[in-house]
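Chains H and Y, in that order, are what the protein sequence lines are. Heads up, the first sequence is in this note's numbering, so the first residue is 2 and it goes up one at a time. Heads up, the second sequence is in this note's numbering, so the first residue is 2 and it goes up one at a time. No residue lacks a Cβ here, since even glycine has one placed at the ideal position from N, Cα and C.
2 protein chains.
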Amino acid sequence: MYRTHNCNNLKRENLNESVTLSGWVQKTRNKGFIIWVDLRDRYGITQLVFDEERTPEEVFNKAKALNREFVIQVKGIVLERESKNSNINTGDVEVLVDELTILNKSNTPPFTIEDNTDGGEELRMQYRYLDIRRTPVKEKLIFRSKVSMAVRNYMTKEGFIEVETPYLIKSTPEGARDFVVPSRMNSGQFYALPQSPQTFKQLLMVGGLDKYFQIVKCFRDEDLRADRQPEFTQIDCEMTFVEQEDVLAQFEGLIKYLIKEIKGVEIEEFPRIKYEDAIKNYGNDKPDIRFGMIFSELNDLAQGKGFKVFDSQELVVGIAVPNAANFTRKEIDSLIDFVKRPQIGAKGLIWVKLNDDGSYKSSVDKFFNSSDLESWAKRTGANIGDLILILSGDAKTTRHQLSSLRMELAKKLGLRNPNEFAPVWITDFPLLEWDEETNRFHAMHHPFTAPKPEHIEILNKNPREVKANAYDLVINGNEVGGGSIRIHDGDLQAKIFDLLGLTFEEANTQFGFLMNAFKYGAPPHGGIAFGFDRLVAILCGEETIRDFIAFPKNNSGRDIMIEAPSYLDKLQLKELFLKTTEDKEN
Amino acid sequence: MYRTHNCNNLKRENLNESVTLSGWVQKTRNKGFIIWVDLRDRYGITQLVFDEERTPEEVFNKAKALNREFVIQVKGIVLERESKNSNINTGDVEVLVDELTILNKSNTPPFTIEDNTDGGEELRMQYRYLDIRRTPVKEKLIFRSKVSMAVRNYMTKEGFIEVETPYLIKSTPEGARDFVVPSRMNSGQFYALPQSPQTFKQLLMVGGLDKYFQIVKCFRDEDLRADRQPEFTQIDCEMTFVEQEDVLAQFEGLIKYLIKEIKGVEIEEFPRIKYEDAIKNYGNDKPDIRFGMIFSELNDLAQGKGFKVFDSQELVVGIAVPNAANFTRKEIDSLIDFVKRPQIGAKGLIWVKLNDDGSYKSSVDKFFNSSDLESWAKRTGANIGDLILILSGDAKTTRHQLSSLRMELAKKLGLRNPNEFAPVWITDFPLLEWDEETNRFHAMHHPFTAPKPEHIEILNKNPREVKANAYDLVINGNEVGGGSIRIHDGDLQAKIFDLLGLTFEEANTQFGFLMNAFKYGAPPHGGIAFGFDRLVAILCGEETIRDFIAFPKNNSGRDIMIEAPSYLDKLQLKELFLKTTEDKEN
Chain H
2 MYRTHNCNNL
12 KRENLNESVT
22 LSGWVQKTRN
32 KGFIIWVDLR
42 DRYGITQLVF
52 DEERTPEEVF
62 NKAKALNREF
72 VIQVKGIVLE
82 RESKNSNINT
92 GDVEVLVDEL
102 TILNKSNTPP
112 FTIEDNTDGG
122 EELRMQYRYL
132 DIRRTPVKEK
142 LIFRSKVSMA
152 VRNYMTKEGF
162 IEVETPYLIK
172 STPEGARDFV
182 VPSRMNSGQF
192 YALPQSPQTF
202 KQLLMVGGLD
212 KYFQIVKCFR
222 DEDLRADRQP
232 EFTQIDCEMT
242 FVEQEDVLAQ
252 FEGLIKYLIK
262 EIKGVEIEEF
272 PRIKYEDAIK
282 NYGNDKPDIR
292 FGMIFSELND
302 LAQGKGFKVF
312 DSQELVVGIA
322 VPNAANFTRK
332 EIDSLIDFVK
342 RPQIGAKGLI
352 WVKLNDDGSY
362 KSSVDKFFNS
372 SDLESWAKRT
382 GANIGDLILI
392 LSGDAKTTRH
402 QLSSLRMELA
412 KKLGLRNPNE
422 FAPVWITDFP
432 LLEWDEETNR
442 FHAMHHPFTA
452 PKPEHIEILN
462 KNPREVKANA
472 YDLVINGNEV
482 GGGSIRIHDG
492 DLQAKIFDLL
502 GLTFEEANTQ
512 FGFLMNAFKY
522 GAPPHGGIAF
532 GFDRLVAILC
542 GEETIRDFIA
552 FPKNNSGRDI
562 MIEAPSYLDK
572 LQLKELFLKT
582 TEDKEN
Chain Y
2 MYRTHNCNNL
12 KRENLNESVT
22 LSGWVQKTRN
32 KGFIIWVDLR
42 DRYGITQLVF
52 DEERTPEEVF
62 NKAKALNREF
72 VIQVKGIVLE
82 RESKNSNINT
92 GDVEVLVDEL
102 TILNKSNTPP
112 FTIEDNTDGG
122 EELRMQYRYL
132 DIRRTPVKEK
142 LIFRSKVSMA
152 VRNYMTKEGF
162 IEVETPYLIK
172 STPEGARDFV
182 VPSRMNSGQF
192 YALPQSPQTF
202 KQLLMVGGLD
212 KYFQIVKCFR
222 DEDLRADRQP
232 EFTQIDCEMT
242 FVEQEDVLAQ
252 FEGLIKYLIK
262 EIKGVEIEEF
272 PRIKYEDAIK
282 NYGNDKPDIR
292 FGMIFSELND
302 LAQGKGFKVF
312 DSQELVVGIA
322 VPNAANFTRK
332 EIDSLIDFVK
342 RPQIGAKGLI
352 WVKLNDDGSY
362 KSSVDKFFNS
372 SDLESWAKRT
382 GANIGDLILI
392 LSGDAKTTRH
402 QLSSLRMELA
412 KKLGLRNPNE
422 FAPVWITDFP
432 LLEWDEETNR
442 FHAMHHPFTA
452 PKPEHIEILN
462 KNPREVKANA
472 YDLVINGNEV
482 GGGSIRIHDG
492 DLQAKIFDLL
502 GLTFEEANTQ
512 FGFLMNAFKY
522 GAPPHGGIAF
532 GFDRLVAILC
542 GEETIRDFIA
552 FPKNNSGRDI
562 MIEAPSYLDK
572 LQLKELFLKT
582 TEDKEN
């Protein structure tokens, strides 16, 4: 037996017990006549002591050779520590060692195994197995495991069945790019890895399973942006005989349960914002509502006064930044630089300070008098001590720009408190969006989303105005989930495919099985899918997902630890009836 | 709201309540003036009644048009049923309908949605979403979900962390054939889908996670035998600072917990059989120990008496079949036919009956006297009324043959009781097996399996004799799990790769990351993986896995419902730098 206790177990109650521990050498302090070793395992740290007088000489000598990350087993007696360490659970005791086995040696690690390591991202990923030994990374993986168990507990309690859907499915050109898998047994043919189990969960509802969920890997072969992974995990859910209200209530329940269970925080009923209002008030459809700075449109107040920057524009829009009238010239310049960055692309930024003495100071004093500025303050809700920031231009672009600025300001002002959770439902999404590039409609959620029943009749006449029974869950400015009521009527589904520019034959080749299923008593159904990686990160108060994934890929989709992807042997390709057309090996 | 209750809820307590139900029409009985409809959902069945006198005329007329599998919503009053049905939970009541909404119609299903359907395998798979509506299939999926939750409850309670390992990994020529995934971002290169998370779980142990598990999909591109799937699910587990005994105890605990939790059956300590003894006593390494018929070797008793069928052979081996002396000539002939089938390949079968009067009757009376036969009876443990069956030939083949015969007899005699659970650990597997075809050693489990420490010194001299710290869990004659203590020492791992015929360079290309990890304090570790599909089937008292998988593939690896795999567009291939060398489309 390698151990009687783990490195977090021993307490004053264990004094004078003979114990066996195994773990890694976190650090050693050699005072010549006495050697202390911090022994670490997943659970904690226990101090070992080797002592010239009390430890057998051979053991003492062996202890001198111990280095960081050596794996050892020790037997010894639990003693009371002279100088207690209240930072660790075992801080009252130490183990006086009388037997020492070196289970494995270690080279000096390429970076320090400490909470704050000296290893850069690249090195940490290459030696991910060492990175995981670091408490912050290890704790994030443990945290993820806890959240997934909490999800399953809730879903099971609520009568949902976890069903595993297949990974080797059919490629469909709709939506993002599939990863594909050549079939050896069906030459020239390919499976695809699922982008989501969407159609399968719908078929499970047709199959009468009533309430389904799955925590499942999904795959998208997209060009990777920061913090996107080619494989990612979803909590995928579907319910039968439900309206939008039922789905929202059910999954509001899940999120409340998780926040309560994991963070001990009770959340009130989630606010709801219509898509259109989210765009108008926050400039995007995933508003962070932990703070204000809600957009105010100023066209009627700010145009027609001879200021050309405003006059010819589709939209003049501003926000009141709380307690920011005292920003220095330099601070304001850096905000101007921020909005002028090519990623944001604004030409400039108008500002108005509401000074403590009630006076106004602005960058447009030449064009506007203080009664103009007062009307802006009233509209934006700015109070004395606040700063109004204004952008103008075409509506869509300007809203994007102001939204970025709002988030930047929130960061600067410390308003993005990671321990505050502000979930919000965004509802009433448009069913379709027009794509200028391909000159056709795309489904805003996906092609199986049901239009609002009262809008079905305008589908033909005025498709842009049709709203969907679709909803997103946004927490702290991150989209963590999205779903919809689905179409369950074959004719309506056919009409939507048609609007999306799929011919009958294309629709049939890609989704014939679903169209077919709709002929045999498909029930009304709807659901939602949560991005599990991001949900876990947010619950942990973080915004990047990479450390919540045990073995993530880098931005080129590579696992640099195992060196994947890699070249195949020729024989393997031949068996798959494949040739590569570009060979970078040569 | 689509329903106030489900179709399994309503009881006498609900009498006179106004309720709303939704579901599928299971069947209708139209007596002209009264129509009964069985309404079905996942949970059960409720009888609806439409009555010429009490139901509004318009509703009554609509009800006439209802057909099997129509999806409907009804509102009505709960009434006491005249003729109760004690087979269903709602059998005391019925709902007198006053509102009826047809939510969706249904074509006549291609097979009946009943416990015993008229649909063949192929049709059921093509319309799997209808097959899932059938109670036996639905219940198996629900059962699977329950088992997976029970596994997670046990593992979590025991301190294991569920960690998701990657699906896009690196192809290794070792072992079975990988499914591969071409990389668009790394031209000419491929990911592989994992055959198991083996190396990743070992890296998690190097990373100090201590106790890991995962219920995870795995992939093998093998020619499919009956009841094999290209994608399958494992319960994958690994522990640090453990010896074989610790792993066996931990997972014996898991299986006991599952059998108790799911079936309400308490199981004693699992017996253990060494690999060598399993082969000798049962002819294979996955013995069904629910019944006896243990092999007895008869060489010393049966050879040298002038019976040529026995004399020149490596092995003469028999079993005593309980209470089978009364088998008719025809029954014995059919056993002889059974062993002569090409899949079994025996030349014949010798039999000895121990008649009720104490006399012997055998197929070899010419060669053996009753004192010979008595010695065989004594050796095989046959009693009066039993039948001894004997095969001879080279040891390996003959054991295989007798093992098949033993299982066939057990089936015939009804000894394979699906509600009895007889788990057994098989231990002490050889580390290596010699492969005649490739003329080299293969790892019997996998190349990371540790030899028994006391055998390490004979690795070079006598590799065939080296036993591994490897173990299988067998239940009722099915291998449901297998694992081992792993190598954690880089030098030993290098030596094993060498024995397996991998050059240093090959080992390094394929497993360099693991070899590297072993340099930084790899702890002793070991684990196990269970075939989840099979484990679930066995716990449910069944032996085929297909119905425990929501959307299984057929024996050509095809999903005939969605028609996958399929051809890709040319553009998609081009983006992946691929050409197919055989084009079956033309």
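Item                                                                                                                                            : Value
Distance between beta carbons of leucine 474 of chain H and isoleucine 263 of chain H, contact taken as under 8 angstroms                       : Contact flag wrong, Cβ pair sits at about 16 angstroms.
Three-state secondary structure (DSSP) of isoleucine 320 of chain Y                                                                             : strand
Exposure of aspartate 42 of chain Y, with buried meaning 16 or more beta-carbon neighbours within 10 Å                                          : buried
Residues bridged to proline 454 of chain Y (per DSSP)                                                                                           : DSSP, once it has assigned bridges, lists no residue as partnering proline 454 of chain Y.
Cutoff 9 angstroms: arginine 153 of chain Y Cβ touching any chain H Cβ                                                                          : yes
One or two residues paired with proline 524 of chain H in a DSSP bridge                                                                         : DSSP, once it has assigned bridges, lists no residue as partnering proline 524 of chain H.
Chain H contact for leucine 169 of chain Y (CB, 9 angstroms cutoff)                                                                             : yes
Under 7 angstroms by beta carbon: chain H residues contacting histidine 489 of chain Y                                                          : Asn105
C-beta neighbour in chain Y for arginine 226 of chain H, strict 9 angstroms                                                                     : no
Cα-Cα separation between isoleucine 590 of chain Y and isoleucine 46 of chain Y, rounded to whole angstroms                                     : There is no way to answer for residue 590 of chain Y, as the model of chain Y reaches only from 2 to 587.
9 angstroms Cβ cutoff, glycine 176 of chain Y in contact with chain H                                                                           : no
Residues near proline 231 of chain Y in its chain [Cβ-Cβ closer than 8 angstroms; skip 5 each side]                                             : Phe180, Phe220, Arg221, Asp222, Glu223, Leu225, Lys554 and Gly558
Burial state of valine 317 of chain H, where buried means 16 or more other Cβ atoms lie within 10 Å                                             : buried
Own chain residues within Cβ distance below 7 angstroms of serine 197 of chain H, not counting five before or after                             : Cys219, Gln235, Asp237 and Ala530
Backbone CA spacing between glycine 189 of chain Y and threonine 173 of chain H [nearest angstrom]                                              : 23 angstroms
Alpha carbon of isoleucine 590 of chain Y to alpha carbon of tyrosine 213 of chain H, nearest angstrom                                          : Outside the shown range of chain Y, which is 2 to 587, sits residue 590 of chain Y, and nothing can be said about it.
9 angstroms Cβ cutoff, glutamate 586 of chain Y in contact with chain H                                                                         : Low local confidence applies: a pLDDT of 45 at glutamate 586 of chain Y is under 50, so the model's placement there is unreliable, with the coordinate-based value given in what follows. True, the Cβ-Cβ gap to chain H drops below 9 angstroms.
Residue closest to alanine 6 of chain H, alpha-carbon to alpha-carbon, out of H:Lys281, H:Thr91 and H:Lys28                                     : Looking at the sequence itself, residue 6 of chain H is histidine, so the reference to alanine does not match. Minimum Cα distance to histidine 6 of chain H is reached at H:Thr91.
Where glycine 491 of chain Y falls: helix, strand or coil (DSSP)                                                                                : helix
Alanine 469 of chain H in three-state terms, based on DSSP                                                                                      : strand
Whole-number beta carbon distance between aspartate 99 of chain Y and proline 137 of chain Y, since they are thought to touch under 8 angstroms : That pair is no contact at about 35 angstroms.
Cβ of arginine 185 of chain H within 9 angstroms of any chain Y Cβ                                                                              : yes
Terminal residues of the alpha helix (DSSP H) in which proline 137 of chain Y lies                                                              : 136 to 158
Helix, strand or coil at histidine 443 of chain Y according to DSSP, with G and I counted as helix                                              : strand
Interfacial residues, the stretch 496 to 523 of chain H to chain Y, with Cβ spacing under 7 angstroms                                           : Phe514, Ala518, Lys520, Tyr521, Gly522 and Ala523
Collapsed DSSP secondary structure at glutamine 304 of chain Y in the structure displayed                                                       : coil
Chain-ordered chain H contacts of proline 57 of chain Y [CB-CB under 7 angstroms]                                                               : None at all; the shortest Cβ gap to chain H is about 23 angstroms.
Assigned exposure category for glutamate 81 of chain H - 16 Cβ within 10 Å defines buried                                                       : exposed
Spatial neighbours of glycine 394 of chain H in its chain, beta-carbon cut-off 8 angstroms, leaving aside the 5 residues before and after       : Gln314, Glu315, Leu316, Ala347, Lys348 and Gln402
Alanine 125 of chain H at chain Y interface by Cβ criterion, 9 angstroms                                                                        : Sequence inspection shows arginine at residue 125 of chain H; the alanine mentioned does not correspond to that position. Arginine 125 of chain H does not count as touching chain Y.
Interface residues of chain Y facing asparagine 9 of chain H [CB-CB closer than 9 angstroms]                                                    : What asparagine 9 of chain H touches in chain Y: nothing, since even the nearest Cβ is about 11 angstroms away.
Residues bridged to valine 537 of chain H [DSSP beta-bridge criterion]                                                                          : Looking at the DSSP assignment, valine 537 of chain H forms no beta bridge with any residue, so it has no partner.
Beta carbon proximity, aspartate 387 of chain Y to chain H, threshold 9 angstroms                                                               : no
Status (buried if at least 16 other CB within 10 Å, exposed otherwise) for tryptophan 435 of chain Y                                            : exposed
CB contact flag (leucine 493 of chain H, arginine 380 of chain H, <9 angstroms)                                                                 : no
Span separating the alpha-carbon of alanine 551 of chain Y from that of valine 164 of chain H                                                   : 7 angstroms
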